[in-house]
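For reference, the structure discussed in these notes is given below.
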DNA sequence: AAATTTTAAGGTTAATCTAAGGTAGGGGAT
DNA sequence: ATCCCCTACCTTAGATTAACCTTAAAATTT
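Chains as they are written, first to last, in the numbering used here: chain E, 24 to 247; chain Y, 24 to 247.
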C-alpha cells in the first residue's frame with residue numbers, strides 16, 4: 024500500500040513515516056502543499072494524508088484541486104483541535120476522514136487501515152493481463168502456478184504497465200511515476216528494471232511481453 | 024456522468040455496474056444489442072460501453088447503427104482477447120477505444136475516465152480520414168483490416184496531416200512541427216518520410232493519398 | 001549478511017539520416 | 001503550341017547514431 028504524507032513539521036513527519044514504514048506501508052513524505060499536489064498527480068497512491076496547515080498551499084486547497092481534477096484516492100486530513108470548521112469544510116470538499124492534532128500513532132494507524140479498507144471493498148486488488156496476474160496487496164506476480172514476490176520498484180513498474188495497457192509509456196514518464204517526481208535516477212535504471220521484469224515474465228512462461236518502441240516508450244503486449 | 028453498459032453476462036455486468044456506481048457514475052445496464060440501441064437512441068449518455076458478443080444484435084452492429092444515425096457519444100468496445108480483427112473493425116466503424124476481455128476493474132475505470140476526459144477536451148483518440156484511422160495511443164495506422172505500428176516520426180507526420188485535413192502544409196512548416204523548432208534536419212528528410220507514408224497507405228489500400236502541390240506543400244486528399 | 005537499488009560497460013539494432021539517381025511540373029524562348 | 005531546361009520533388013538503399021538491452025559488480029538499505 025502506497026501512501027503520500029504531507030506535513031511541514033519535519034520531526035513529526037519523520038516519526039510518522041517510520042511508524043508507517045514499520046507497518047509495511049510505502050510512504051512518500053512531502054513538506055508543503057505544492058509538492059503534495061505534484062506528487063499526488065504524478066503517482067498513483069492508495070491513500071493520502073494531508074496536514075491542513077502547510078506552506079505554499081494549504082491542505083484544503085490541495086484536496087480541492089485533486090478532487091476537481093478527478094482524483095478519487097482516499098484522503099485523510101490532519102487538523103488542529105480547534106479548527107472544527109476546517110474539518111467540516113474538508114469533508115464537504117471530498118475528504119474521507121479527519122484526525123485532530125495531536126493524535127496517537129495507534130489512532131492514525133487505525134484510521135489509515137479503515138480508509139484503505141473502505142476502498143478495498145470496492146476496488147479489486149488483482150491486476151491481470153494475459154495469463155499473468157499481479158496482487159496489489161502481496162506484490163505477487165504470478166502465472167502458470169508459479170509466483171514471485173516483487174521488490175518495490177519492480178512492483179510499481181509492473182503495476183504501471185498493468186494500469187496502462189495499450190498505452191506507450193516513455194522512459195521519462197516511467198521515471199516520474201515509479202521513481203517519483205524529483206528522482207535523480209537516470210533512464211538507465213528504467214532499462215535495467217524492464218530487463219528484470221522481462222526475466223520474471225519469461226520464467227513464468229507469460230503470454231505477455233514488455234514491448235519497446237524506440238523513441239516512444241514501452242507497453243505491455245499480449246503475444247500473437 | 025451517465026453511462027450505458029451493454030453486456031450479456033449478468034454476473035459480470037452486475038459487478039461492473041457496482042464498481043462504476045461506487046465511483047459516482049450513473050449507469051444503465053442492458054443485456055442485449057437491441058436494448059443497447061434503443062436506450063442509446065432515447066437517452067443522452069456521456070459514454071457507452073459495448074460488449075461485442077451479444078444476443079439479438081452484436082456490438083459492432085449497434086456501433087455502426089448509432090454512428091450512421093449521427094450519434095457522437097464516445098463508445099468503448101469490449102472484445103475477446105483473440106478477436107483482433109474485431110478491434111480494428113470496431114475502430115473503423117467509429118469506436119473511440121477498446122478493451123480486451125478479461126479486463127481488470129482498474130483498467131476499465133481508467134479507460135472510462137480517459138474516454139470521458141477526451142470528450143471534455145474534444146480530443147479524440149482515434150484520428151480518421153477516408154478508410155484509414157490512426158490510433159494516438161498505440162501509434163497504429165490501420166485500414167481494411169490491416170495495420171502498421173508507425174515509428175515516431177512517421178507517426179507525428181501522419182498525425183499532422185490528419186489534424187490538418189484540407190490545408191496544404193509546406194515542407195518548412197512540416198519540418199518545424201514534426202522535427203521540432205530547432206532541428207537540423209533538411210527538407211530532404213520530409214520527402215523521405217512522405218515517401219514512407221505513401222508506401223504504407225498503398226499497402227493498406229487506402230482511399231486517401233498525400234497530394235503534393237509544387238511550391239505550396241502537401242495535404243491529405245480523399246480519392247474521387 | 002541478505003536483499004534491493006544503482007552504476008558501469010559492452011553489445012545490439014531500430015530509427016533516422018544521407019546520398020545519389022530518377023521523375024515531372026512549369027516558365028520562358030521559339 | 002511546343003520544346004527545353006531548371007529545379008522541386010520522389011524513391012531507394014546503405015551508413016550512421018544513439019536508444020535500448022543485458023549482465024555483473026558496487027553501493028545502499030533492511
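Quick reminder that beta carbons are idealized off the backbone N, C-alpha and C, glycines included.
{"Check": "Does residue 103 of chain Y come out as helix, strand or coil in the three-state DSSP assignment?", "Outcome": "strand"}
{"Check": "Please classify residue 159 of chain E: is it buried, with 16 or more other beta-carbons within 10 angstroms of its beta-carbon, or exposed?", "Outcome": "buried"}
{"Check": "What residues in the segment 45-58 of chain E have a beta carbon less than 9 Å from any beta carbon of chain Y?", "Outcome": "none"}
{"Check": "Tell me the rounded alpha-carbon separation between residue 40 of chain Y and residue 30 of chain Y.", "Outcome": "10 Å"}
{"Check": "Give the DSSP-derived three-state secondary structure of residue 137 of chain Y in the structure shown.", "Outcome": "helix"}
{"Check": "Got a sec: is the Cβ-Cβ distance from residue 145 of chain Y to anything in chain E below 8 Å?", "Outcome": "With a pLDDT of 47 at residue 145 of chain Y, under the threshold of 50, the predicted position of this residue should be treated as unreliable, though the coordinate-derived value follows. Chain E, which has no Cβ nearer than 8 Å to the Cβ of residue 145 of chain Y, makes this no."}
{"Check": "Please give me, in chain order, every unbroken run of the beta strand (DSSP E) with length at least 3 that falls completely inside the segment 36-89 of chain Y.", "Outcome": "49-53, 70-74"}
{"Check": "Looking at residue 99 of chain Y: is its Cβ nearer than 8 Å to the Cβ of residue 69 of chain Y?", "Outcome": "no"}
{"Check": "May I ask you to list, following chain order, the residues of the segment 217-247 of chain E that have a beta carbon less than 8 Å from some beta carbon of chain Y?", "Outcome": "236, 237, 238, 239, 242, 245"}
{"Check": "Tell me whether residue 111 of chain Y is buried or exposed, calling it buried when 16 or more other Cβ atoms sit within 10 Å of its Cβ.", "Outcome": "buried"}
{"Check": "Out of curiosity, what's the CA-to-CA distance linking residue 113 of chain Y and residue 151 of chain Y?", "Outcome": "13 Å"}
{"Check": "According to the neighbour-count rule (16 or more other Cβ atoms, all chains shown, within 10 Å of its Cβ), is residue 51 of chain E buried or exposed?", "Outcome": "buried"}
{"Check": "Just the chain E side, please: which residues come within less than 9 Å of residue 161 of chain Y by C-beta, in chain order?", "Outcome": "189, 190, 191, 242"}
{"Check": "Taking only three categories from DSSP, how would you classify residue 120 of chain Y?", "Outcome": "strand"}
{"Check": "Quick one: using the 10 Å Cβ neighbour count with 16 as the cut-off for buried, is residue 146 of chain Y buried or exposed?", "Outcome": "Because the pLDDT at residue 146 of chain Y is just 48, under 50, the model does not fix this residue reliably, and the value given afterwards should be weighed accordingly. By the neighbour-count rule (16 or more Cβ atoms within 10 Å), residue 146 of chain Y is not buried but exposed."}
{"Check": "In the segment 122-136 of chain Y, which residues sit with their C-beta less than 9 Å from some C-beta in chain E, listed in chain order?", "Outcome": "122, 123, 125, 126, 127, 128, 129, 130, 132, 133, 134, 136"}
{"Check": "Can you tell me whether residue 186 of chain E is buried or exposed, with buried defined as 16 or more other CB within 10 angstroms of its CB?", "Outcome": "buried"}
{"Check": "Anyone know if the C-beta pair for residue 79 of chain Y and residue 108 of chain Y falls short of 8 Å?", "Outcome": "no"}
{"Check": "Report the three-state DSSP secondary structure of residue 209 of chain E (helix, strand or coil).", "Outcome": "coil"}
{"Check": "Assuming residue 54 of chain Y and residue 33 of chain Y make a contact with CB atoms under 8 Å, what is their CB distance in whole Å?", "Outcome": "7 Å"}
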